[in-house]
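Below: the structure, in structure tokens.
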Amino acid sequence: MKIIIATTVSADGHILPHCEDMLQSGKYVLSVIRQEADMELHPNSSLLKLLASKQNNEDTTYFAELTPKSINLIIGLQRYRLIDELYLYQSSTQSKGGILLSDAVNFEGWQVENEYAISKSLHLKIYRKG
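Each residue of the sequence shown is one higher than the last, beginning at 30 in my numbering.
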């Protein structure tokens, strides 16, 4: 089992409502990552079912987008160490406040695997468990 989380953060570190790569093309845009996953997780997805899936070594890739609406799911996934990869899209735009990424995701034990320029205003860092 593999769980991939993706999120877009503003230049000042706030979680943005949706990833901003919809008009971009390429291997690492959100729409491609979402399509390659077997199932998409939603804010009310069952952590117990995911824990069972992990214990059964199921060959399933799950995807979830970290937005202000799904933050509780992501915190739960992280608490049970279920997240395998984090795709962090960094926007050059400033936000007007909101939830800081550092309040939702603990980067301890994570390593930057790769970095890509998606566009002039959007960069991607892929984190994996270290």
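All residues carry an ideal CB built from backbone N, CA and C; glycine is no exception.
query, result
"Contact set for Ser39: own chain, Cβ-Cβ below 7 Å, skip 5 residues either direction", "Leu45, Ser120, Thr122, Gln123 and Ser124"
"Extent of the continuous alpha helix (DSSP H) run through Gln107", "Ile100 to Arg108"
"Assigned secondary structure, Glu87 (DSSP; H/G/I helix, E/B strand, else coil)", "coil"
"The segment 141 to 157 contacting the segment 124 to 133, beta-carbon criterion three pairs below 8 Å", "no"
"Residue from Tyr91, Phe92, Glu144 and Ile112 whose Cα sits closest to the Cα of Phe136", "Ile112"
"Alpha carbon of Gly105 to alpha carbon of Glu114, nearest angstrom", "15 Å"
"Secondary structure of Ser150, DSSP reduced to three states", "coil"
"Beta-bridge pairing of Leu129 - partner residues as DSSP gives them", "His43"
"6 Å CB neighbourhood of Asp67 in its chain, flanking five on each side removed", "Thr89 and Thr90"
"Where Tyr116 falls, given that 16 or more other Cβ within 10 Å makes a residue buried", "buried"
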